[in-house]
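For the sequence shown, the UniProt record's numbering begins at 1 and goes up steadily by one.
Note that the Cβ used here is the ideal one computed from N, Cα and C, for glycine as well.
Bear in mind that the values here come from a model prediction, so they are computed numbers and not experimental data.
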Amino acid sequence: MPLTLIAIENAVPAGMITLADRDFDGKSNLSPWLKSLYVHPFHRNKGIAALLINRLEQEALRLGCKSLYLVTEDARVLYENSGWQAIDYVQTSFGLADLMTKALPETPLA
1 MPLTLIAIEN AVPAGMITLA DRDFDGKSNL SPWLKSLYVH PFHRNKGIAA LLINRLEQEA
61 LRLGCKSLYL VTEDARVLYE NSGWQAIDYV QTSFGLADLM TKALPETPLA
């Protein structure tokens with residue numbers, strides 16, 4: 001790790017997401033992390049973020065991960081819609097953020 005996935009639409013990069021051992025310094029005991037989810041504004045509202053999240057979860061499962069963590073200031077609903085749960089609040093340089101987790105299934109995701 002890290003592992004970065006890039007979504008391509010019509011031969012153009014549309015978004016990206018990263019799986020990393022570490023992300024948030026205040027929670028160094030937690031690993032691995034979903035981080036750096038970004039979808040270019042032109043490609044938003046097409047389901048690309050959800051596809052990237054799902055594909056990253058598949059890769060994490062393939063690598064033997066049992067659960068994932070992330071910190072988000074403004075995308076809690078997006079992650080909740082993908083089965084993530086808020087477990088705490090943390091202070092970031094941008095303000096208060098949600099610490100979220102998702103337990104991965106023991107069988108590969110569809």
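- Where residue 9 is concerned, the enclosing beta strand (DSSP E) starts and stops at 3–9.
- The criterion of a C-beta distance shorter than 9 Å is not satisfied by residue 71 and residue 21.
- Comparing C-alpha distances from residue 18 to each of 55, 10 and 46 shows the shortest one belongs to 55.
- In this structure, 61 is the residue among 61, 44 and 6 with its C-alpha nearest to the C-alpha of residue 106.
- CA-to-CA, the gap between residue 64 and residue 75 works out to about 26 Å.
- With 16 or more neighbouring CB atoms inside 10 Å of its own CB, residue 98 falls in the buried class.
- Exposure of residue 103 is indicated by the presence of fewer than 16 other C-beta atoms within 10 angstroms of its C-beta.
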